[in-house]
Amino acid sequence: MLDSKLLRKETKEVISNLKRRGFEFDETLWTKLESKRKALQGTTENQQAKLNELSKNIGIAKQNSEDTKDLEKMASELTATLKEQSNELDNLLEQIENFVLSIPNLIDHDVPDGEDETSNLELKKIGSPRVFDFPIKDHLDIGRSYEIDMEAGVKLTGSRFKVLRNDIAHLQRGLINFMIDTHVQEHGYEEVYVPYIVNKESLISTGQLPKFEEDLFKIDNKNDFYLTSTAEVPVTNLFRDEILNSENLPIKYVCHTPCFRSEAGSYGKDTKGIMRLHQFEKVELVQAVESSDSDEALEELTEHAENILKKLELPYRVVSLCSGDIGFSAAKTYDLEVWVPSQQAYREISSCSNFRAFQTRRMKARWKNNSDNKIELLNTLNGSALALSRTVLAILENYQESDGSVTIPDVLRNYLGKESILLPQ
RNA sequence: GGAGAGGUGGCUGAGUGGUUGAAAGCGCUCCCCUGCUAAGGGAGUAUAGGGUAAUCCCCUAUCGAGGGUUCGAAUCCCUCCCUCUCCGCCA
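My numbering puts the first residue of the first sequence at 30, with every later residue one more than the last.
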């Protein structure tokens, strides 16, 4: 959520920033709502102040056993008109709230311009794709329709669900442990375990609601429960309604969760295999920092995600998302894209974003600056490190051998207890 | 799931209709006293929104959440959520 003071004072600047990401800010509506609000809120609060004063006087008069009939009549009338006005004001404030909640974050100045992913800026490329001296298979063929069983997924649930068995199920589990261990032991993150079901408030706080309900699985109408689409939601919401001490900052959490996405918008994309599913695993990094530290924190967090790819010796590149491709809540995002041999392309495996105070303003997540005792909004960041399905896919394809087996990257060998998997039977 | 008790500021904890945003204590900040430490004295110490250039000032809201009664609600009524104790069930 944007600061409404900023919206009021620097409307032009806000509009032109939002325009870069293709968001049309309805200035006419905004000015109309705001001028109405200003007038209505002013008179309503004044009347309320009057009524409060009057009520206080009635109380005093009653204690002195004076006659209060006239005062009570006046107050009664005031209460009636006030009720109407405050209803009207509540409606208006709700309208404004919804309007503001549906405005995306401002983007940083160094975010490249562009309409879609074709304008994303490649910052660097690490590692070079392996040259194969045999015809390569894609991950589904490597998975032999048993270790990766898409048909079983369809039977149990439906399309875009998978079943993993044997070495590949083991590979995924080993990767989860490897990633979490690395982030805890080398990057200083604290491991957390959180619910996979979250309430509406949590989803509004991080920005998934109210605008993107169709991407989510809602599982309970009575409580407004949803399956988490990313650990970002429960983990970032740990800061909701909190005021943290500056000596506790930065806070760095690592968390593994399954992620459930309805993905209504992307039917027809990546229909084969485990690239895009309704349920996938992810290890997520979340940071809460002072605003002055958040630029640096994004660089650091991205390096932590990169470090996993480096240790796995997977070729990847880093792109800065352009203004038209960047997510609703993010001010700046780096995507890590891993090399996928069967597609001869780099594909997203991690997305690292700085949300600045966009989420924390929604969720009232603050910190107290000990030097001046002032309370400020935290800045939040997060990044996948990494998405598991796609890491499994990348390892299978990049480490495949001519006999159909897959060599295990050095760093994973202790986790799997073997050097290669899927050996010919 | 059943029965009971409760949800008040950073914490403990008063407060059953009226000048209570809220006693008291603890904690914290500043000042005084003090050779040092300990002890003592004084002042201050919630958050959000709005009026504003403004962190001064003024107004409004907030005692789990949402409704209601009333001139006036932390206090009375209704619904919901949560916590604790006991029983049941269960991994």
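Glycine included, each C-beta is placed from N, C-alpha and C at the ideal position. Fair warning: this is a prediction, and the values are worked out from it, not measured in the lab.
Our two residues, Leu36 and Glu319, have alpha carbons roughly 22 Å apart in a direct line. By the CB criterion at 9 Å, Ser33 and Ile125 fall inside the cutoff. In this structure the segment 272-283 does not touch the segment 232-251; the number of beta carbon pairs closer than 8 Å is below three. By a beta-carbon distance limit of 8 Å, Lys311 does not contact Tyr218. Their separation comes to about 14 Å.
Shown here, Ala104 sits in a helix according to DSSP, grouped into three states. Counting along the chain, the unbroken beta strand (DSSP E) around Gln316 starts and ends at Gln308 to Val318. Under the three-state reduction of DSSP output, Ile136 falls in the coil class, being neither helix nor strand. It is roughly 20 Å from the alpha-carbon of Thr108 to the alpha-carbon of Leu122.
Rounded to whole angstroms, the gap between the alpha carbons of Glu180 and Asp170 is 14 Å.
A residue is called buried once 16 or more other Cβ atoms fall within 10 Å of its Cβ, and Tyr345 is buried on that count. By the CB criterion at 9 Å, Ser379 and Ser323 fall outside the cutoff. In the structure shown, Asp364 falls within a strand segment according to DSSP collapsed to helix, strand and coil. Nearest to Val43 by C-alpha distance, out of Glu101, Ile136 and Ser94, is Ile136. The segment 242-292 is shown to contain whole beta strand (DSSP E) runs of 3 or more residues at 247-249, 254-256, 272-274 and 280-289, in chain order.
A residue is called buried once 16 or more other Cβ atoms fall within 10 Å of its Cβ, and Val160, having fewer, is exposed. Between the C-alpha atoms of Thr257 and Cys284 there is a straight-line separation of about 13 Å. Lys98 has its alpha-carbon roughly 19 Å from the corresponding atom of Thr110. A Cβ-Cβ contact shorter than 9 Å links Ala394 with Glu271. Ile404: member of the beta strand (DSSP E) spanning Lys403 to Leu406, first to last residue.
Apart from sequence neighbours up to five positions away, the residues of its chain that approach Lys447 with a beta-carbon distance below 7 Å are Ile437, ordered along the chain.
Checking the DSSP bridge columns, you'll see Glu448 has no partner listed.
A straight-line Cα-Cα distance of about 52 Å links Arg290 and Lys79.
Boundaries of the alpha helix (DSSP H) around Lys67: Glu56 to Gln92. About 7 Å separates the beta carbons of Leu47 and Pro133, which is inside the 8 Å limit, making them a contact pair. Rounded to the nearest whole angstrom, the CA to CA distance from Lys397 to Pro224 is 28 Å. Exposed is the label assigned to Gly51, since fewer than 16 other Cβ atoms lie within 10 Å of its Cβ. The shortest CA-to-CA distance from Ala416 to any of Asn408, Leu350, Ile337 and Gly356 is the one to Ile337. Nearest Cα to Val262 within the set Asn86, Ala104 and Arg391: Arg391. In the assembly as shown, Pro453 is an exposed residue. Its beta-carbon has fewer than 16 other beta-carbons within 10 Å. Proximity to Gln316 across Asn75, Phe207 and Thr409 peaks at Thr409, based on C-alpha coordinates.
Lys240 places its beta carbon 9 Å or farther from that of Leu62. CA-CA distance, His333 to Lys340, rounds to 11 Å. Beta-bridge annotation (DSSP): Val227 is paired with Tyr255.
In the DSSP annotation of this structure, Val348 is not part of any alpha helix (DSSP H); the continuous beta strand (DSSP E) holding it starts and ends at Tyr345 to Ser349. Judged by their CB atoms, Leu152 and Ser349 are nearer to each other than the 9 Å cut-off.
Less than 9 Å divides the Cβ of Pro158 from the Cβ of Pro370.
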